[in-house]
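Each remark here refers to the structure printed beneath this line.
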């Protein structure tokens, strides 16, 4: 609202600069814009905390059952995942529970989506874990760099908190500067490829837990390759207790997911497969003493209650400042896209800028309470949507479930095997890994999108997650540039019995217009593709004017030359803009073809193209030739060409 008012002020200043009355009006409006009042304070508060708008209107009888049920179900799913994803983040399980609790509460206050579930996400956990492991590794070699207040675990969460704080700051700054447009550079194929490549990395990182192997986590590029090499080198050290447990857990989890997918229309609530597996596995591990008898790796003690808040380490922030950028971008991209997707599905609107602000504070505030980076999660959001969620009250219910675990039940997870947590993580990757099966279909639909997916996936899996994101963004943008540099130039024909014209390569039985060539250039005409435009045009119409002029001069038959066509119509309907170089190219084209007796006219130009041509005097002084060079439809240009041809024949 404030931006709109300032725009009005600027507009008035430009129009009536120097008018005393208008200057007074401007001062009055400016004073009103920056003044503070109860109404403006209320507007600011409700804008920052959308809960103040919708919670007073909450329909208790209509909404409460769906919100409570979806909140309980998501909370039950969230608890084992929150503990499990800490393996990815290289942190103790308690911090995953803290993160889930605070993120749900803050998004309840600040979010505009009714269905998005914000919390721990496997991809975010992996990216945090890579930074945490790197910094812990470096600190181990040079302990004098920092004055460590506690051991390895404390240092690890300090790194994660500093990283999370910076990611949240970046997101809030993007919201304040309205930089949400950067998400347009994250195309769907690129994001899918990135998520799939990251899923391969996650699977690789967790594979050692399935076999009970103790191998170091690789630092830097090539994590997937190096980790699998280390796994095969140490395969003889496999812990058979962990391997058997992993096999059973994966079989149960996958079966539960398949049953859920097959009978989702009949089941009113999702099957709590993860919780059942965690409960049973914990009991078996405890009473069979799998850790003492078979050296099975377990989660260990999870304390109850909350740790006192602590300011994120300022000393660590310079080391993780660059790492926070991809975290911030991916986190807000997933959150905004999911909120818009489910808002559209359920018939309401969200405010993307406020969503960026909300997820930013879901990272800033929890970073003071020993939490790590969060974002919206697709799987849990889908569960909320399918179980009757009506508002973000469901997030409060989910937070209450996590709080119950934190205060009462956390110690009961002491004997839970780490391989069980790894199984939960790996099975949750089914959706992303299934994207490999869609590659042939995607190739048939759109080859460029498929190549973007494969390049991004390969870079994310074989190099690193951060480099994969960078490679995916750059490569997808290069593909767009390449497509505009070498677009299709179509020779067109008339659809029988109509006034419409289409590509003769795409449609059969099209009629060619005698002595007229119709060409459509399916891209903007600018400096990077002007040469390709001319070359493709000459090839399509089979006439290059410079060569034809040279032939005419050699044969000295300029007046008697006979061409296959007398009019060239450029269909500009697929040309969104034209720059100065493109306009000069068009002028040269008209001139060159005019010298061999071919008239060039334009049809179906976009308003932006017409304005650019007018500014460049393409239609002559005061646009005197516009009625002979431009037509609103291809058919009107064809009729004009035929009329001119008739006039020429009658003169002969």
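Numbering (full-length UniProt numbering), first residue to last: 1 to 652.
Quick reminder that beta carbons are idealized off the backbone N, C-alpha and C, glycines included.
Remember, it's a predicted structure, so these values are computed and weren't measured experimentally.
{"Asked": "Per-residue burial, residue 408 [other beta carbons within 10 Å of its own, 16 or more giving buried]", "Found": "exposed"}
{"Asked": "Residue environment, residue 372, which counts as buried when at least 16 other CB atoms sit within 10 Å", "Found": "buried"}
{"Asked": "Separation of residue 466 from residue 326, as counted between CA atoms", "Found": "7 Å"}
{"Asked": "Proximity test, residue 343 beta-carbon vs the ligand COA heavy atom, cut-off 7 Å", "Found": "Of the ligands one can find in the structure shown there are none, so the ligand COA has no counterpart to examine."}
{"Asked": "Contacting residues, own chain, Cβ-Cβ under 8 Å from residue 298 (five flanking each side not counted)", "Found": "285, 290, 291, 414, 415, 416, 417, 418"}
{"Asked": "Sequence-distant residues of the same chain with beta carbon closer than 7 Å to residue 639, five excluded per side", "Found": "none"}
{"Asked": "Helix, strand or coil at residue 637 [DSSP, three-state]", "Found": "helix"}
{"Asked": "Three or more C-beta pairs below 8 Å linking the segment 152 to 171 and the segment 365 to 383", "Found": "yes"}
{"Asked": "Local conformation of residue 400 per DSSP, three classes", "Found": "helix"}
{"Asked": "Supposed close pair residue 340, residue 329 - CB separation, criterion 8 Å", "Found": "About 16 Å separates the two Cβ atoms, so there is no contact after all."}
{"Asked": "Beta-carbon contacts of residue 87 that lie in its chain and below 6 Å, excluding the five residues immediately before and after", "Found": "421"}
{"Asked": "Residue of 65, 58, 358 minimising C-alpha distance to residue 173", "Found": "358"}
{"Asked": "Sequence-distant residues of its chain with Cβ nearer than 8 Å to residue 72 (five each side left out)", "Found": "397, 398, 401"}
{"Asked": "Whole-number beta carbon distance between residue 353 and residue 134, since they are thought to touch under 8 Å", "Found": "Contact doesn't hold; Cβ gap of about 33 Å is too wide."}
{"Asked": "Where residue 11 sits in the DSSP three-state scheme", "Found": "Because residue 11 sits at a pLDDT of 47, beneath the cut-off of 50, its placement in the model cannot be relied upon, and the point is left open."}
{"Asked": "Straight-line gap, residue 473 to residue 603 (C-alpha atoms, nearest Å)", "Found": "35 Å"}
{"Asked": "For residue 520, the residue or residues it bridges with in DSSP", "Found": "490, 571"}
{"Asked": "Whole-number beta carbon distance between residue 271 and residue 256, since they are thought to touch under 8 Å", "Found": "5 Å"}
{"Asked": "8 Å Cβ cutoff met for residue 83 and residue 383", "Found": "no"}
{"Asked": "Beta-carbon proximity check, residue 231 vs residue 215, cutoff 8 Å", "Found": "yes"}
{"Asked": "Paired residues, beta bridge with residue 502 - DSSP", "Found": "493"}
{"Asked": "CA-to-CA distance, residue 569 to residue 637, given in whole angstroms", "Found": "7 Å"}
{"Asked": "Rounded separation between residue 497 and residue 63 - CA only", "Found": "57 Å"}
{"Asked": "Sheet register partners of residue 376 (DSSP bridge)", "Found": "118"}
{"Asked": "Among 264, 464, 553, nearest to residue 202 - alpha-carbon criterion", "Found": "464"}
{"Asked": "Limits of the unbroken beta strand (DSSP E) element including residue 599", "Found": "599 to 603"}
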